[in-house]
Amino acid sequence: MKLLKALVAVSAISAGLPAVAQDKLVVGTEASYKPFAYVLPSGELTGFDVDITYALCKQMGVECTISNQSFDGLIPALNAKKIDAIIASMFITEDRLKAIDFAGPYYVTPGLFIGEKGAGLELSPDALRRKTIGVQRGTTMADYVKDKLPKARIQYYDTFDAATLDLVSNRIDLVFADSVVIDEFLASPDGANYEQVGEPVYDPILGEGAGIGIRKGDDDLKTKFNDALAAIIASGEYAEINKKYMSSDIAPK
Numbered sequence: 376m377k378l379l380k381a382l383v384a385v386s387a388i389s390a391g392l393p394a395v396a397q398d399k400l401v402v403g404t405e406a407s408y409k410p411f412a413y414v415l416p417s418g419e420l421t422g423f424d425v426d427i428t429y430a431l432c433k434q435m436g437v438e439c440t441i442s443n444q445s446f447d448g449l450i451p452a453l454n455a456k457k458i459d460a461i462i463a464s465m466f467i468t469e470d471r472l473k474a475i476d477f478a479g480p481y482y483v484t485p486g487l488f489i490g491e492k493g494a495g496l497e498l499s500p501d502a503l504r505r506k507t508i509g510v511q512r513g514t515t516m517a518d519y520v521k522d523k524l525p526k527a528r529i530q531y532y533d534t535f536d537a538a539t540l541d542l543v544s545n546r547i548d549l550v551f552a553d554s555v556v557i558d559e560f561l562a563s564p565d566g567a568n569y570e571q572v573g574e575p576v577y578d579p580i581l582g583e584g585a586g587i588g589i590r591k592g593d594d595d596l597k598t599k600f601n602d603a604l605a606a607i608i609a610s611g612e613y614a615e616i617n618k619k620y621m622s623s624d625i626a627p628k
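So the number in the working numbering is just where the residue sits in the sequence shown, counting from 1, plus 375.
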C-alpha cells in the first residue's frame with residue numbers, strides 16, 4: 376500500500392499536477408539515504424524519515440503519500456505546489472529559510488568525514504590540498520566543505536551511495552555526510568576498510584537540525600507538524616522509530 380501511494384504521488388508530480396488538499400498530503404523525500412530513506416528490493420520505501428512521516432500524518436489525522444525524487448529538486452517542487460511538505464533529512468539553514476519555512480527540527484546530528492584506514496588524513500586546509508572530498512549535491516555538507524576547505528577538490532554526487540561507491544573505488548579520498556549515514560556505511564561490508572577522520576562536525580553552516588520543509592505562509596500546517604512531532608515524542612513512538620533504525624538518540628532536545 377505504501378509503495379502504491381508513493382507511485383501515485385510520483386505519477387502526479389510527473390504530470391505536473393498540484394499537490395492534494397490538506398486532508399491528504401504529498402510529502403517529498405530522497406530515498407537513497409539509508410537509514411533515513413531507502414528502497415527495499417520489493418520496491419517499498421522505508422527508513423526513519425519514512426516511518427516518521429507516516430507517524431506524523433497519522434497523528435494529524437491526514438492521509439500521506441510519499442514522493443521519492445532528487446534532493447536538489449525538493450524545494451522547487453514544494454514551491455511549485457507539487458508537494459506539500461519535505462521530510463528528507465533537510466537541515467534548517469539561513470539560505471533555505473529564504474526560500475521555504477520549516478517545522479521542527481525533528482532530529483539533530485553532526486557531520487562526519489570518513490577516509491581509508493591508515494591513510495593519515497587530517498582535517499585542515501593545507502593537509503587536504505589536492506585531496507578530493509565527495510559530498511551530496513545541494514546539501515549543507517557540500518556548503519561546509521566549500522567554505523571551510525577551499526584547497527581541497529570537491530566532487531559532487533546526486534546520492535550518498537554514489538559518493539561511497541567512488542570512495543571504495545579509490546576515485547576520491549574522503550566523504551563528508553551526516554553521522555548516521557556514515558555510521559551505517561562503516562558498519563557495512565563496504566565500509567570495513569574505512570574510518571572516521573577527525574571529530575564530529577557541529578557548525579552553523581550545517582544548520583539547526585533536520586526540519587520539515589513547508590511553504591512560506593503555510594502557518595497552519597507548520598503548527599500541525601510541530602504539534603504532531605511533540606505528541607509522538609511524548610508518547611514514545613518517536614523513540615521506537617529511532618531505535619528501529621539507529622543506535623544513537625537523535626531526538627531534538
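Ideal placement from N, C-alpha and C gives every residue a C-beta, glycine not left out.
Predicted model, so just to flag it, every value in this text is computed and none were measured.
- Item | Residues near serine 389 in its chain [Cβ-Cβ closer than 6 Å; skip 5 each side] | Model confidence at serine 389 stands at a pLDDT of 38, short of 50, so the residue's coordinates are unreliable; what they give is reported in the following sentence. Counting only Cβ-Cβ distances below 6 Å, and skipping sequence neighbours, we find nothing.
- Between methionine 621 and valine 555, is the Cβ-Cβ spacing less than 7 Å? yes
- Task: State the DSSP-derived secondary structure class of alanine 406, mapped to helix, strand or coil.
- Result: coil
- Message: Between aspartate 518 and isoleucine 580, how many whole angstroms is the CB-CB distance? I'm expecting something under 8 Å.
- Response: 5 Å
- Query: Which partner residues of tyrosine 639 appear in the DSSP bridge assignment?
  - Reply: Coverage of the chain is limited to positions 376 through 628, which leaves residue 639 absent and any answer about it impossible.
- Item | Short Cβ contact (7 Å threshold) for alanine 527 with isoleucine 547 | no
- Message: Would threonine 428 and valine 402 be called neighbours here (beta carbons separated by less than 7 Å)?
- Response: yes
- Cβ of leucine 453 within 7 Å of Cβ of isoleucine 475? yes
- For glycine 588, which beta-bridge partners are listed by DSSP? Ile461, Phe477
- Item | Segment contact, 8 Å Cβ cut-off, at least three pairs: the region 453-465 with the region 584-595 | yes
- Query: beta strand (DSSP E) containing aspartate 553: first to last residue?
  - Reply: 549-553
- Query: Helix, strand or coil: which one does DSSP assign to phenylalanine 466?
  - Reply: strand
- Could you check the C-alpha separation between glutamate 469 and leucine 524 for me, to the nearest Å? 20 Å
- Message: If the criterion is Cβ atoms closer than 7 Å, does the pair glycine 486 and valine 425 meet it?
- Response: no
- Please name the residue, chosen from Phe477, Leu549, Ala538, Gly448, that lies closest to glycine 493 on a Cα-to-Cα basis. Leu549
- Query: So, helix, strand or coil for glycine 509, using DSSP?
  - Reply: strand
- Task: Compare the Cα-Cα distances from leucine 496 to each of Pro451, Ala609, Ala552, Gln571 and report the closest residue.
- Result: Gln571
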